[in-house]
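**Q** Please see the structure below; I have some questions.
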Amino acid sequence: MTPLDIMRHAADLGSRAPHTQHELSVGCVITDAQLNILSTGYSREDGNQKSHAEKIALEKLPADTDMSALHLFSTVEPCGTRLSNNPTCASLIIKYGIGHVYYAVHEPDRFVHQNGLDHMRAHNVNVIHVCDDRIFQSVEKANPHIRWQR
């Protein structure tokens with residue numbers, strides 16, 4: 027699989043998230059260095075309205091996994107700011123030691139101003155943008171309450 031294939035899979039996962047007007051619907055895939063899928067998640071998959079896809083996918087990984095070799099794919103940039111008291115996805119990615127993060131679209135400033143990409147880069151996480159028209163349209167469809175920009 028290529029990074030684009032994996033991001034398309036993440037976009038398909040994001041479309042499974044229960045819709046809400048106050049949260050984003052995001053899909054996440056975590057792979058090993060050879061891009062074999064190890065874990066997946068999507069927003070609210072666990073029934074908690076505040077659970078983010080990245081957190082869910084990270085929590086599914088075995089504790090003995092070498093996190094620095096992993097690649098995390100998220101359809102929307104991992105959050106760096108949250109209004110709730112929950113940890114941000116960027117801080118969880120840093121805490122887990124994930125070395126590579128791919129994202130498809132920037133989170134718009136609808137809810138809060140995001141700084142997750144800068145935060146991860148400041149902690150030496152390799153951040154890569156991967157998107158095509160199919161992925162972008164899938165993110166738009168899963169989040170009709172957001173005005174997305176490419």
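Numbering (the working numbering) for the sequence shown: 27 to 176. Built from N, CA and C at the ideal position, the CB exists for glycine as well.
1. Can you tell me whether Gly142 is buried or exposed? The criterion is at least 16 other CB atoms within 10 Å of its CB, across all chains shown.
2. Contact between the segment 150-161 and the segment 85-95: three or more CB pairs below 8 Å?
3. Terminal residues of the continuous alpha helix (DSSP H) containing Leu30?
4. Taking all protein chains shown into account, do 16 or more other C-beta atoms lie within 10 angstroms of the C-beta of Ala36, making it buried, or fewer, making it exposed?
5. Buried or exposed: which applies to Ile32, given that a residue is buried once 16 or more other Cβ atoms fall within 10 Å of its Cβ?
6. Smallest Cα separation from Phe99: which of Glu71, Lys121, Ile63?
7. Just how far apart, CA to CA, sit Tyr205 and Pro104?
8. In whole angstroms, what is the alpha-carbon distance linking Ser65 and Met27?
9. Take Asn112 as the anchor and find which of Lys81, Pro29, Ile56 has the nearest alpha-carbon.
**A** Reading off the structure:
1. buried
2. no
3. 29-40
4. buried
5. buried
6. Ile63
7. Since the first residue of the chain shown is 27 and the last is 176, residue 205 is not available in this structure.
8. 15 Å
9. Lys81
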